[in-house]
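Colleague: Quick one: this structure, given as structure tokens, is what I'll be asking you about.
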Amino acid sequence: QLKIVLSIEDNLNYLEQPIPPVSVSPVGQQVALEILAAHAAWIKGSKEIAGLMLMTMEPKIQRNLEPLHAHEMLKELKTLFAQQAKQELLQTT
Numbered sequence: 001q002l003k004i005v006l007s008i009e010d011n012l013n014y015l016e017q018p019i020p021p022v023s024v025s026p027v028g029q030q031v032a033l034e035i036l037a038a039h040a041a042w043i044k045g046s047k048e049i050a051g052l053m054l055m056t057m058e059p060k061i062q063r064n065l066e067p068l069h070a071h072e073m074l075k076e077l078k079t080l081f082a083q084q085a086k087q088e089l090l091q092t093t
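Each residue of the sequence shown is one higher than the one before, starting from 1 at the first, in UniProt numbering.
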């Protein structure tokens, strides 16, 4: 359901894509303000989505994932649940 809400609000990219790195300018030059603003906006959007995700989690999982951004959090959750499913499968055989 989170994906539906995010796609409606045009925020799905924060979940599906990692935060793009800020470009490094040559020595003596500054990074354009537009680039810095876009990067800051991406981080803000990712934090908002991460907050929504954290609100729906059990406290134990929440504590472990709290420092992550939305995309990183999704990757970690996929890994966590894949490991859990594998363990459950091994226990049933």
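Here a beta-carbon is modelled for each residue, glycine too, at the ideal position from N, C-alpha and C.
1. For a test of the three-state rule: what should DSSP assign to Asn13, helix, strand or coil?
2. Can you tell me the Cβ-Cβ gap for Ala38 and Ala70, rounded? I've got them flagged as a contact below 8 Å.
3. What residues in its chain sit with their C-beta under 6 Å from that of Ala82, if we drop five residues either side in the sequence?
4. Look at Val24 and Ile35 and say whether their C-beta atoms are less than 8 Å apart.
5. Would you mind sorting Leu74 into buried or exposed? The rule is 16 or more other CB atoms within 10 Å of its CB.
6. Do you know whose CA, among Leu90, Glu72 and Thr79, lies nearest residue 167's CA?
Modeller: On the basis of the coordinates in this document:
1. helix
2. 17 Å between Cβ atoms; not a contact.
3. none
4. no
5. buried
6. What the structure shows of the chain is the stretch from 1 to 93, and residue 167 is not part of that stretch, so it cannot be assessed.
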